[in-house]
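Chemist: Here it is, the structure in full.
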Amino acid sequence: MTDPVSLTLGIAGVVGSVIQTYNAVMSAYDLYLEVKDVPSEYEDLRMGLLLEHQRLELWGGHVLAEYFDERNRSKLSQKHITTWKTMEWIFSRISEAFIENNQILDDYGQQIGLPAQGDSSGDKKAFPLHKSPYAEVASVSELIDRLSLSAKSSPSKHKLSNYTRRVKFVLTKQKKMRDLVMQLSHWNNGLDQLTSRLDQDSSRRRLRTFFSTSDTTQLRHLEAAADLLDHRDIQLMAAARIVVEQGYLSEQPNCPPELALSPPYSEGQCIGTSPSNGYRLEMDQLQWQEKPYATDQVRAMARYGEESVIVDWRCCQDDSWRQTHPKAFRRRTENLTRILNSDLKPLSLSILHCVGYLDQSHNVTGYAFRLPSGAQPGQKPFTLYNLLKRVERPNQHKDIPDLGERFELAKALVTTVFNIHNIGWVHKNIQPKNILFWPKLDGGDEPDLSKPYLMGFDISRPNQPGEVSEKPLSHFEDDVYRHPHYKGMYARSFQPSFDIYSLGVILYEIGLWRNVAYQGSSKSNNSRRPALPTHNSDPQLVEKMVEHGTIMAMKQYTGMRYRDAVRSCLSRDFDNLWEREAGDQQRQLQAHLEQFQTLVVDKLAVCNA
Numbered sequence: 001m002t003d004p005v006s007l008t009l010g011i012a013g014v015v016g017s018v019i020q021t022y023n024a025v026m027s028a029y030d031l032y033l034e035v036k037d038v039p040s041e042y043e044d045l046r047m048g049l050l051l052e053h054q055r056l057e058l059w060g061g062h063v064l065a066e067y068f069d070e071r072n073r074s075k076l077s078q079k080h081i082t083t084w085k086t087m088e089w090i091f092s093r094i095s096e097a098f099i100e101n102n103q104i105l106d107d108y109g110q111q112i113g114l115p116a117q118g119d120s121s122g123d124k125k126a127f128p129l130h131k132s133p134y135a136e137v138a139s140v141s142e143l144i145d146r147l148s149l150s151a152k153s154s155p156s157k158h159k160l161s162n163y164t165r166r167v168k169f170v171l172t173k174q175k176k177m178r179d180l181v182m183q184l185s186h187w188n189n190g191l192d193q194l195t196s197r198l199d200q201d202s203s204r205r206r207l208r209t210f211f212s213t214s215d216t217t218q219l220r221h222l223e224a225a226a227d228l229l230d231h232r233d234i235q236l237m238a239a240a241r242i243v244v245e246q247g248y249l250s251e252q253p254n255c256p257p258e259l260a261l262s263p264p265y266s267e268g269q270c271i272g273t274s275p276s277n278g279y280r281l282e283m284d285q286l287q288w289q290e291k292p293y294a295t296d297q298v299r300a301m302a303r304y305g306e307e308s309v310i311v312d313w314r315c316c317q318d319d320s321w322r323q324t325h326p327k328a329f330r331r332r333t334e335n336l337t338r339i340l341n342s343d344l345k346p347l348s349l350s351i352l353h354c355v356g357y358l359d360q361s362h363n364v365t366g367y368a369f370r371l372p373s374g375a376q377p378g379q380k381p382f383t384l385y386n387l388l389k390r391v392e393r394p395n396q397h398k399d400i401p402d403l404g405e406r407f408e409l410a411k412a413l414v415t416t417v418f419n420i421h422n423i424g425w426v427h428k429n430i431q432p433k434n435i436l437f438w439p440k441l442d443g444g445d446e447p448d449l450s451k452p453y454l455m456g457f458d459i460s461r462p463n464q465p466g467e468v469s470e471k472p473l474s475h476f477e478d479d480v481y482r483h484p485h486y487k488g489m490y491a492r493s494f495q496p497s498f499d500i501y502s503l504g505v506i507l508y509e510i511g512l513w514r515n516v517a518y519q520g521s522s523k524s525n526n527s528r529r530p531a532l533p534t535h536n537s538d539p540q541l542v543e544k545m546v547e548h549g550t551i552m553a554m555k556q557y558t559g560m561r562y563r564d565a566v567r568s569c570l571s572r573d574f575d576n577l578w579e580r581e582a583g584d585q586q587r588q589l590q591a592h593l594e595q596f597q598t599l600v601v602d603k604l605a606v607c608n609a
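Quick note: the UniProt record's numbering has the sequence shown finishing at residue 609, numbered continuously throughout.
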């Protein structure tokens, strides 16, 4: 029988081997990425290398971080050894992917008078391919040498220069470089599969945040690299950001004429090319199933060709911006339609597919969305507002959805808002009336809470300096979802943290399954939610709930993690971030997304019932 102590030492040794080679591989990545001034035609591959480097770094943060402390390795049991040996094997393949560049490094080394990497005169021999690099490695520095990234026998003062010259030569060997990047991506996929789905999703969000930039040149390289490596979410994010950034640049006074006239998408990108007449629809192209835009409704059902659509009309308080900036309004509408017309599934966006927009006179604009798969033709949706209203009416069915269903609904919404912000847009009107559901596919009239659809993009806009758009209509039932700084006579310019606040109010409602305006102190025999209270029309209702700690009582109904996520949304900490980083829009956005993920998205991701 094997000694338990030996088993512990065995797995600790494997873990140590994995960490040692991980560090060496990251150093190999860094050396390649330090090379500057590569020809422009190779920048796509260099971006691909950076993408895979960041993937591996995020993976290491999830999996290896706690085991850098050797004391924690002894806590692993023997049942984990298979997983760690698999990691060890994958890292040997990653090492070999770098080693296979020996020949082209040597080709260049001979051209500049350096000895070949395999030269045995006084140097350690490079280990052969298909042999584990761990057996004879004494240190990380030795492993880096064996990864063919050192110029052996070179004077030390020239060593770094020779590294750079060798690696630059490798980068100009396009096919070899392409093969290397694709191999690294393949093995990163294998490492990802050894982690939980939650960790994979979290890492993908952080990866998109890392590459969220306003630099359109870098975004085009990112889009091409993501296409090569089949990272559809990154490709879509980059393409959408290109649309947003080019739209913004085209509106600037010093915009080059060619940019102002060029279509805001790159050739071959996954944000599709618009039809010859753009995405604009005419009223007579739709067969209306009800009055197109009655004053008492903001949506209408229609037929567009062979499919059913729902038209989301624009409702704003003041139309002056559109009237004074008609070209900017048209471009913004086109850009948003182009983004919403693409396949948004890789980004986990709970938004319907937009087929076009209607731009009429007299403050009438609408977006036409295709009904979700499985919906009956002309079938009207539920809204979250309708569902929450049911519990207020004495004669209405009051079946409260299971807590697990409510958790899944909350997760879908926060993920959607996160990714809207990540592509550089703000919604500006998140409220229950703009969250739609269709009935479940198995029949009946019950809404499918697992598939919410966020609507109400009529006043949304890019998150860019100086961008403005109309304000929504003001009413108590709607204002309760708006940030205190975005209502009243002295409302500030909208910022992404205001969307988070609105989301927090909705998360509170989903957790307790009642309208936030209905508060009270009556007793309840149901531990799943409080008793039905009476209506409260105080315009500062939510602010007082936060101030007096009402939010804290959610814990007994939803658990601590959900409660903490709601509290983070309503605490206005996100406002402080934007004010603290004022002046650096890109830094603000990345810090905002990181905080949003840590305090809200990841907390809700582990909520289950």
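Beta carbons: idealized from backbone N, C-alpha and C, even for Gly.
Quick caveat, the model's predicted, so the values are computed rather than measured.
#1: Please confirm whether H483 and L593 have their CB atoms less than 8 Å apart.
#2: Return helix, strand or coil for M301, following the three-state DSSP convention.
#3: Please report the straight-line C-alpha distance between residue 610 and P39, rounded to a whole angstrom.
#4: Count the other CB atoms, across all protein chains shown, that sit within 10 Å of the CB of Q495; report buried if there are 16 or more and exposed otherwise.
#5: Cβ of R572 within 7 Å of any heavy atom in the ligand MN?
#6: Should V181 and E52 be called a contact, given that it needs their Cβ atoms to be closer than 8 Å?
#7: Compute the Euclidean distance between the alpha carbons of H353 and S342, then round it to the nearest angstrom.
#8: Tell me the DSSP secondary structure of Q588 in three-state form.
#9: Please classify A65 as buried or exposed, where buried requires at least 16 other C-beta atoms within 10 Å of its C-beta.
#10: Ordered along the chain, which non-local residues of its own chain (more than five positions away) have a Cβ less than 7 Å from that of V426?
#11: Please report the distance separating the alpha-carbon of G16 from that of P465.
#12: Are R241 and I423 close, meaning C-beta to C-beta below 8 Å?
#13: Report yes or no: do the region 78-93 and the region 218-227 share at least 3 C-beta pairs separated by less than 8 Å?
#14: On the criterion of 16 or more Cβ atoms from any shown chain inside 10 Å, does R587 qualify as buried, or is it exposed?
#15: Helix, strand or coil for D359 per DSSP?
#16: Select from N188, Q20, E470, D199 the residue whose C-alpha is nearest the C-alpha of V601.
#17: Whole angstroms are fine: how far does the CA of E43 sit from the CA of E136?
#18: State the beta-bridge partners of E307 as determined by DSSP.
#19: Taking Cβ to Cβ, would you say M283 is nearer than 8 Å to L358?
#20: Drop a sphere of 10 angstroms on the beta-carbon of K603, count the other beta-carbons inside from all chains shown, and report buried for 16 or more, exposed for fewer.
#21: Classify N608 as buried or exposed, calling it buried when 16 or more other Cβ atoms lie within 10 Å of its own Cβ.
#22: Thinking Q54 and L207 are a contact (beta carbons under 8 Å), I'd like their distance in whole angstroms, please.
#23: Which residue's Cα is closest to the Cα of G61: G10, K173, R204?
#24: Should A126 go down as buried or exposed, given a rule of 16 or more other Cβ atoms within 10 Å for buried?
#25: Specify the secondary structure class of P401 as computed by DSSP and reduced to three states.
#26: Quick check on T209: buried or exposed, where buried means 16 or more other Cβ atoms within 10 Å of its Cβ?
#27: Taking the C-alpha atoms as reference points, what is the distance between S212 and A375?
#28: With DSSP as the reference, label D312 as helix, strand or coil.
#29: Would you call Q597 buried or exposed, if buried means 16 or more other Cβ atoms sit within 10 Å of its Cβ?
#30: One question on the structure: do A605 and S202 come within less than 8 Å of each other, judged by their Cβ atoms?
#31: Once you ignore the five residues that flank G511 on each side, which residues in its own chain have a CB closer than 7 Å to its CB?
#32: Can you tell me the Cβ-Cβ gap for G190 and M301, rounded? I've got them flagged as a contact below 8 Å.
#33: Under the DSSP definition of a beta bridge, which residues are partnered with V426?
#34: Relative to the C-alpha of W187, which residue among Y22, Q585, D319 is closest?
#35: If R370 sits next to V309, beta carbons under 8 Å apart, how far is it from one beta carbon to the other, in whole angstroms?
#36: Would you mind working out which of R280, M177, V355, D575 sits nearest R46, comparing C-alpha positions?
Modeler: Judging by the given coordinates:
#1: For this step, residue 483 is matched to residue 483 along the sequence shown. For this step, residue 593 is matched to residue 593 along the sequence shown. Cβ atoms of H483 and L593: not closer than 8 Å.
#2: Residue 301 sits at position 301 when you count from the first residue of the sequence shown. Strand.
#3: As shown, the chain starts at 1 and ends at 609. That puts residue 610 outside it, with no answer to give.
#4: Position 495 of the sequence shown holds residue 495. Buried.
#5: The ligand MN is not part of this structure, which contains no ligands at all.
#6: Residue numbering aside, residue 181 sits at position 181 when the sequence shown is read from its first letter. Residue numbering aside, residue 52 sits at position 52 when the sequence shown is read from its first letter. Contact flag set, yes.
#7: Taking the sequence shown and counting its residues from 1, the one referred to as residue 353 is at position 353. Taking the sequence shown and counting its residues from 1, the one referred to as residue 342 is at position 342. Approximately 7 Å between the Cα atoms of the pair.
#8: Residue mapping note: residue 588 aligns to position 588 of the sequence shown, counting from 1. In the structure shown, Q588 sits in a helix (DSSP, three-state: H, G or I).
#9: Within the sequence shown, residue 65 is the residue found at index 65, counting from 1. Label assigned to A65: exposed.
#10: In the sequence shown, counting from the first residue as 1, residue 426 sits at position 426. If we look at V426 and ignore the five residues flanking it on each side, its Cβ neighbours are S460, R461, N463, F494, P496, D499.
#11: Counting from 1 along the sequence shown, the entry for residue 16 is found at position 16. Counting from 1 along the sequence shown, the entry for residue 465 is found at position 465. Going by the C-alpha atoms only, they are around 48 Å apart.
#12: Position 241 of the sequence shown, counted from the start, is the residue given in the question as residue 241. Position 423 of the sequence shown, counted from the start, is the residue given in the question as residue 423. In this structure, I423 lies closer than 8 Å to R241 by Cβ.
#13: no
#14: By one-based count along the sequence shown, residue 587 stands at place 587. The residue in question, R587, is exposed, as its Cβ has fewer than 16 Cβ neighbours within 10 Å.
#15: Stepping through the sequence shown from its first residue, residue 359 is reached at position 359. Three-state DSSP puts D359 in a strand.
#16: To locate residue 601, count along the sequence shown from 1; it is residue 601. When each option's Cα is compared against that of V601, the closest is D199.
#17: On the sequence shown, residue 136 is found 136 positions in, with the first residue counted as 1. On the sequence shown, residue 43 is found 43 positions in, with the first residue counted as 1. Low confidence applies to E136: its pLDDT is 39, below 50, so where it sits in the model is not reliable, and the reading given next is rough at best. A direct Cα-Cα distance of roughly 36 Å separates E136 from E43.
#18: Taking the first residue of the sequence shown as 1, we reach residue 307 at position 307. Beta-bridge pairing links E307 to Y304.
#19: Within the sequence shown, numbered from 1, the residue matching residue 283 stands at position 283. Within the sequence shown, numbered from 1, the residue matching residue 358 stands at position 358. Yes, these two residues count as a Cβ contact at 8 Å.
#20: Position 603 of the sequence shown holds residue 603. So K603 counts as buried.
#21: Along the sequence shown, one-based indexing puts residue 608 at 608. So N608 counts as exposed.
#22: One-based indexing of the sequence shown puts residue 54 at position 54. One-based indexing of the sequence shown puts residue 207 at position 207. Contact holds; Cβ gap of about 6 Å.
#23: Numbered from 1 along the sequence shown, position 61 holds the residue referred to as residue 61. Ranked by Cα distance from G61, the options G10, K173, R204 are led by R204.
#24: Against the sequence shown, residue 126 aligns to sequence position 126. Caution is warranted here: a pLDDT of 35 is assigned to A126, below 50, making its placement in the model unreliable, and the coordinate value is therefore given only provisionally. Buried: at least 16 other Cβ atoms inside 10 Å.
#25: In the sequence shown, counting from the first residue as 1, residue 401 sits at position 401. The DSSP-derived three-state label of P401 is coil.
#26: On the sequence shown, residue 209 is found 209 positions in, with the first residue counted as 1. Flag for T209 reads buried.
#27: Working through the sequence shown from its first residue, we reach residue 212 at position 212. Working through the sequence shown from its first residue, we reach residue 375 at position 375. Straight-line Cα distance between these residues: approximately 35 Å.
#28: Walking along the sequence shown from the start, residue 312 turns up at place 312. Note: D312 maps to strand in three-state DSSP.
#29: Start at 1 with the first residue of the sequence shown, and residue 597 comes out as number 597. Buried.
#30: The count along the sequence shown starts at 1 and reaches residue 605 at position 605. The count along the sequence shown starts at 1 and reaches residue 202 at position 202. Contact flag set, yes.
#31: For the purposes of this step, residue 511 is taken as residue 511 along the sequence shown, with counting starting at 1. Closer than 7 Å at Cβ, skipping near neighbours: R406, M554, Y557, T558, Y562, V566.
#32: Position 190 of the sequence shown, counting from 1, holds the residue named residue 190. Position 301 of the sequence shown, counting from 1, holds the residue named residue 301. Their Cβ separation, rounded to whole angstroms, is 47 Å, which puts G190 and M301 out of contact at 8 Å.
#33: Your numbering for residue 426 matches position 426 in the sequence shown. Partner(s): R461.
#34: Within the sequence shown, the letter at position 187 stands for residue 187. Among Y22, Q585, D319, the Cα nearest to that of W187 belongs to Y22.
#35: Counting from one through the sequence shown, the residue named residue 370 turns up at place 370. Counting from one through the sequence shown, the residue named residue 309 turns up at place 309. Right, their Cβ atoms sit about 6 Å apart.
#36: As a position in the sequence shown, residue 46 is number 46, starting the count at 1. With distances taken between Cα atoms, R46 lies closest to M177.
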